[in-house]
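Engineer:
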Amino acid sequence: LENRGFIRSLPKAELHLHIEGTLEPEMAFQLARKHGIQLPYRDVDALRGAYSFSSLQSFLDIYYQGVQVLQDEDDFYQLTHAYLQRAHTDGVVHVEIFFDPQSHMERGVSLSVVFDGITRALEGAEREYGMTYRLIPCFLRHLSAEAAMQTLEALLPYRDYICAVGLDSSEDGHPPSKFTQVFNRARTENFLTVAHAGEEGPPLYIWEALDNLKVSRIDHGVGCEVDDALCERLAQERMPLTVCPASNIKLAIFKSMEEHNLKRLLQRDLCVTVNSDDPAYFGAYIVDNYLAVQQALDLSREDIISLARNSIEASFLAEAEKVFWL
Ligand code: ES4
Ligand code: ZN
20 LENRGFIRSL PKAELHLHIE GTLEPEMAFQ LARKHGIQLP YRDVDALRGA YSFSSLQSFL
80 DIYYQGVQVL QDEDDFYQLT HAYLQRAHTD GVVHVEIFFD PQSHMERGVS LSVVFDGITR
140 ALEGAEREYG MTYRLIPCFL RHLSAEAAMQ TLEALLPYRD YICAVGLDSS EDGHPPSKFT
200 QVFNRARTEN FLTVAHAGEE GPPLYIWEAL DNLKVSRIDH GVGCEVDDAL CERLAQERMP
260 LTVCPASNIK LAIFKSMEEH NLKRLLQRDL CVTVNSDDPA YFGAYIVDNY LAVQQALDLS
320 REDIISLARN SIEASFLAEA EKVFWL
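To convert, take the position in the sequence shown, counting from 1, and add 19; that gives the UniProt record's numbering.
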């Protein structure tokens, strides 16, 4: 309990958080009832019971099903507001939130509904808690590069609300190089870029995220470990990895938390951060993630402080804003 208080007390940035992945079963049922949607589960416990995954794809199938209950502006507000309250309790001072525009637009939910709901909650957290934030829409890599390009164009009217673009969903068979042109365009539009790479996929996908997509951070990236030249480059460039320990266990990237490579990556001088990914589905918010790796890998308080400092350093805050927390 003392370690939990210590971790909570450190100023932290959450840099890898899919807002759709914060949908708790209770809210899923509440919104389903509101919109007259029938969920294929008897009750909250049955839905929570379905949160048991064997791979990234088995998770994504349930995650995209959950997304269906998000329909109006207030749904996105409620979802984001509940997450931000929890993040504040956990000592998160800055959030960079992913969302999947294509999963909403394909259902006829307009981008304005999504942006308005999410930003209304973020502005409230800024007023109430002094929390700062950035928004990062992600392209679904299992869909085509053309679909991603159209999505990028649809995002341009909201450019003032967007800091960076990302790449998520099913990794295998969908290399970053598939999206080189889309990300070139995004960078000419002055967006920063990030990409999920080396979650389930090979080190090659991390190389491609760096060289083709010119990312500022690698999301997950834990697959780098088997490639010494890649690890050296990541360390040399101080390229941040947004690692999500509980996610990696729930999706069977590692067999157990004791086998997670986070400590070894830290020892190789990588800029490792700890994040919660899809906390409602993986049963762990950010402090739970820090605590789990601290206990399983016997991290020292200095290690924990480094992880929290790395999160501020790796954030897209301006340098003048970072120094306040460092
Ligand atoms: C995701 Cl854990 C994970 N990996 C890839 N894409 C995602 N979208 C939401 N969660
Ligand atoms: Zn993710």
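The beta-carbon is built from N, C-alpha and C at its ideal position, and this holds for glycine as well. Nothing here was measured: the structure is a model prediction, and the numbers come from that model.
For Ser74, I'd like the list of residues in its chain whose CB is within less than 8 Å of its CB, leaving aside the five on either flank, ordered along the chain.
Structural biologist: Here residue 74 corresponds to residue number 55 of the sequence shown, with the count starting at 1. Around Ser74: Glu219, Leu270 and Ala271.
Engineer: Over what stretch of residues does the alpha helix (DSSP H) that includes residue 18 continue unbroken?
Structural biologist: Shown here, the chain extends from 20 to 345; a query on residue 18 therefore has no answer.
Engineer: Taking 6 Å as the limit, name every residue whose beta carbon sits nearer than that to some heavy atom of ligand 2, in sequence order.
Structural biologist: Those residues are His35, His37, Asp187, His215, Asp238 and Asp296, given in chain order.
Engineer: Tell me which residues share the same chain as Tyr148 and place their Cβ nearer than 6 Å to its Cβ, disregarding the 5 neighbours each side in the sequence.
Structural biologist: Within the sequence shown, residue 148 is the residue found at index 129, counting from 1. Excluding residues within five positions, the ones whose Cβ falls inside 6 Å are His107.
Engineer: Can you give me the C-alpha to C-alpha distance between Gln49 and Ile137, rounded to a whole angstrom?
Structural biologist: The residue you call residue 49 lines up with position 30 of the sequence shown. The residue you call residue 137 lines up with position 118 of the sequence shown. Roughly 18 Å between the two C-alpha positions.
Engineer: From the DSSP output, which residues share a beta bridge with Arg153?
Structural biologist: The sequence position of residue 153 within the sequence shown is 134, counting from 1. Its beta-bridge partners are Glu115.
Engineer: Taking the straight line between their C-alpha atoms, what separation do you get for Leu232 and Arg61?
Structural biologist: Numbered from its first residue, the sequence shown carries residue 232 at position 213. Numbered from its first residue, the sequence shown carries residue 61 at position 42. Rounded to whole angstroms, Leu232 to Arg61 spans 43 Å at the Cα level.
Engineer: Hey, would you say Val312 sits closer than 8 Å to Leu281, going by beta carbons?
Structural biologist: The residue you call residue 312 lines up with position 293 of the sequence shown. The residue you call residue 281 lines up with position 262 of the sequence shown. Yes.
Engineer: Got a sec: does ligand 1 put a non-hydrogen atom nearer than 7 Å to the Cβ of Ser266?
Structural biologist: Mapped onto the sequence shown, residue 266 falls at position 247. For ligand 1, at least one heavy atom lies less than 7 Å from the Cβ of Ser266.
Engineer: According to DSSP, what are the bridge partners of Ile237?
Structural biologist: Locating residue 237 in the sequence shown gives position 218, counting from the first residue. Bridge partners of Ile237: Ala214 and Leu260.
Engineer: Could you give the distance in angstroms between the alpha-carbon of Tyr83 and the alpha-carbon of Gly302?
Structural biologist: Your numbering for residue 83 matches position 64 in the sequence shown. Your numbering for residue 302 matches position 283 in the sequence shown. For Tyr83 and Gly302, the distance between alpha carbons rounds to 17 Å.
Engineer: Determine whether the beta carbon atoms of Cys157 and Phe117 lie at a separation below 8 Å.
Structural biologist: Taking the first residue of the sequence shown as 1, we reach residue 157 at position 138. Taking the first residue of the sequence shown as 1, we reach residue 117 at position 98. Closer than 8 Å, so yes.
Engineer: Between Glu92 and the rest of its own chain, which residues show a CB-CB distance below 7 Å, the 5 nearest in sequence each way excluded?
Structural biologist: As a working mapping, residue 92 is identified with position 73 in the sequence shown. Val132, Asp135 and Gly136.
Engineer: For Ser334, count neighbouring C-beta atoms within 10 Å of its own C-beta (all shown protein chains included) and say buried if the count is 16 or more, exposed if not.
Structural biologist: Position 315 of the sequence shown, counted from the start, is the residue given in the question as residue 334. Its Cβ being crowded by 16 or more others within 10 Å, Ser334 is buried.
Engineer: Report yes or no: do three or more beta-carbon pairs, one from the stretch 35–51 and one from the stretch 96–110, lie closer than 8 Å?
Structural biologist: The stretch 35–51, when compared against the stretch 96–110, does touch it at the 8 Å Cβ threshold.
Engineer: Check whether the Cβ atoms of Ser188 and Leu229 lie closer than 8 Å to each other.
Structural biologist: Counting from one through the sequence shown, the residue named residue 188 turns up at place 169. Counting from one through the sequence shown, the residue named residue 229 turns up at place 210. No.
Engineer: Nearest CA to the CA of Glu190: which residue from Gly55, Ile324 and Phe78?
Structural biologist: Walking along the sequence shown from the start, residue 190 turns up at place 171. That would be Phe78, whose Cα lies nearest to the Cα of Glu190.
Engineer: For Met168, which option in Ser196, Pro195, Pro176 and Gln200 has the closest C-alpha, if you only look at C-alpha atoms?
Structural biologist: Position 149 of the sequence shown, counting from 1, holds the residue named residue 168. For Met168, the nearest C-alpha among the options comes from Gln200.
Engineer: Near Val63, which residues of its chain fall below 7 Å by C-beta distance, leaving aside the five closest residues on each side in sequence?
Structural biologist: For the purposes of this step, residue 63 is taken as the residue at position 44 of the sequence shown. Here the set comprises Pro44, Glu45 and Phe48.
Engineer: Is it buried or exposed, Gly217, if we count other Cβ atoms within 10 angstroms and call 16 or more buried?
Structural biologist: Start at 1 with the first residue of the sequence shown, and residue 217 comes out as number 198. Buried, by the Cβ-count rule.
Engineer: Between the stretch 124–131 and the stretch 312–332, do at least 3 Cβ pairs fall closer than 8 Å?
Structural biologist: Contact fails: fewer than three Cβ-Cβ distances are below 8 Å.
Engineer: Can you tell me whether Asn294 is buried or exposed, with buried defined as 16 or more other CB within 10 angstroms of its CB?
Structural biologist: Within the sequence shown, residue 294 is the residue found at index 275, counting from 1. The residue in question, Asn294, is buried, as its Cβ has 16 or more Cβ neighbours within 10 Å.
Engineer: Going by other Cβ atoms of all chains shown within 10 Å of its Cβ, with 16 needed for buried, is Ala205 buried or exposed?
Structural biologist: Position 186 of the sequence shown, counted from the start, is the residue given in the question as residue 205. Buried, by the Cβ-count rule.
Engineer: Assign Gln57 to buried or exposed, taking buried as 16 or more other Cβ atoms, counted over all protein chains shown, within 10 Å of its Cβ.
Structural biologist: Residue 57 sits at position 38 when you count from the first residue of the sequence shown. Looking at its Cβ environment, which holds fewer than 16 other Cβ atoms inside 10 Å, Gln57 is exposed.
Engineer: Expressed to the nearest angstrom, what Euclidean distance is found between the alpha-carbon atoms of Gln87 and Glu277?
Structural biologist: Counting from one through the sequence shown, the residue named residue 87 turns up at place 68. Counting from one through the sequence shown, the residue named residue 277 turns up at place 258. Between Gln87 and Glu277, the C-alpha separation is close to 35 Å.
Engineer: So, are the CB atoms of Thr212 and Leu260 less than 8 Å apart?
Structural biologist: Taking the sequence shown and counting its residues from 1, one reaches residue 212 at position 193. Taking the sequence shown and counting its residues from 1, one reaches residue 260 at position 241. In this structure, Leu260 does not lie closer than 8 Å to Thr212 by Cβ.
Engineer: So, Leu42 versus Gly85, is the Cβ gap smaller than 8 Å?
Structural biologist: For the purposes of this step, residue 42 is taken as residue 23 along the sequence shown, with counting starting at 1. For the purposes of this step, residue 85 is taken as residue 66 along the sequence shown, with counting starting at 1. Cβ atoms of Leu42 and Gly85: closer than 8 Å.
Engineer: Taking the continuous alpha helix (DSSP H) assigned at Glu197, which residues delimit it?
Structural biologist: Numbered from its first residue, the sequence shown carries residue 197 at position 178. Sequence check: residue 197 is Lys here, not Glu. Neither: Lys197 is in no alpha helix (DSSP H) and is coded neither H nor E.
Engineer: Using the beta-carbon count (16 or more within 10 Å), is Gln121 buried or exposed?
Structural biologist: Indexing the sequence shown from 1 puts residue 121 at position 102. Buried, since its Cβ has 16 or more Cβ neighbours within 10 Å.
Engineer: Among Leu249, Gln314 and Asp317, which has the Cα closest to the Cα of Ile225?
Structural biologist: Here residue 225 corresponds to residue number 206 of the sequence shown, with the count starting at 1. For the residues Leu249, Gln314 and Asp317, the minimum Cα distance to Ile225 belongs to Leu249.
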